[in-house]
Amino acid sequence: MSLYVDADACPVKDECVRAAERLGVRVLLVCNGGLRPSAHPLVEVVFVTEGPDEADKWIAERAGPGDVVVTADIPLAAKCVAAGAGVLKHDGSALTPANIGNALATRDLMADLRAADPFRQG
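Read left to right, the sequence shown gives residues 573 to 694 (the working numbering).
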């Protein structure tokens, strides 16, 4: 079991590391940069190439059954749920096969509304 953390903008990195230490689970902090390597033997900081969604791609390619992913990125969460991984949002709520479709639809709807900018149309 591994704990994958989408670490670029994750506000709960320290909590993830403490949980991994307590449970004896390997944690991978995946980011484009800006994090210092950890001295803890269970914590690995993974630096991916610069670019949009590179950390997401790296996590999605590796996470699977028995793993847990911490992310606020709904498309990444959907890929990880489909691969059999457990997914937690930063607030601790779980994204599961039962609710990921609704979360993805809500995200897409909100993106469409922002793009349409209905409040500025005459």
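C-beta: ideal position from N, C-alpha, C; glycine also.
Keeping to the same chain, check which residues put their C-beta closer than 6 Å to that of residue i; ignore five residues upstream and five downstream.
i, result
"L676", "I646 and A650"
"W630", "V602 and V620"
"C652", "A635, V641 and V659"
Within 10 angstroms of the Cβ of residue i, are there 16 or more other Cβ atoms? Answer buried if so, exposed if not.
i, result
"L595", "exposed"
"A611", "exposed"
"L685", "exposed"
"D680", "exposed"
Identify, in the order they occur along the chain, each residue of the same chain with its Cβ nearer than 7 Å to the Cβ of residue i, setting aside the five sequence neighbours on each side.
i, result
"C582", "V642 and H662"
Quick one, which of the options has its alpha-carbon nearest residue i's?
i, options, result
"R608", "A688, K585 and G623", "K585"
"D628", "D639, A688, G656 and D580", "D580"
Counting only the same chain and skipping the five closest in sequence on each side, list residues whose C-beta sits under 8 Å from that of residue i.
i, result
"D592", "The question names Asp, yet the displayed sequence has Ala at residue 592. Taken in chain order, the residues that qualify are L575, R598, V599, L614 and V615."
"G623", "N604"
"A666", "G658, V659 and L660"
**Asked** If you pair each beta-carbon of the stretch 574 to 587 with each one of the stretch 634 to 648, do three or more pairs fall below 8 Å?
**Response** yes
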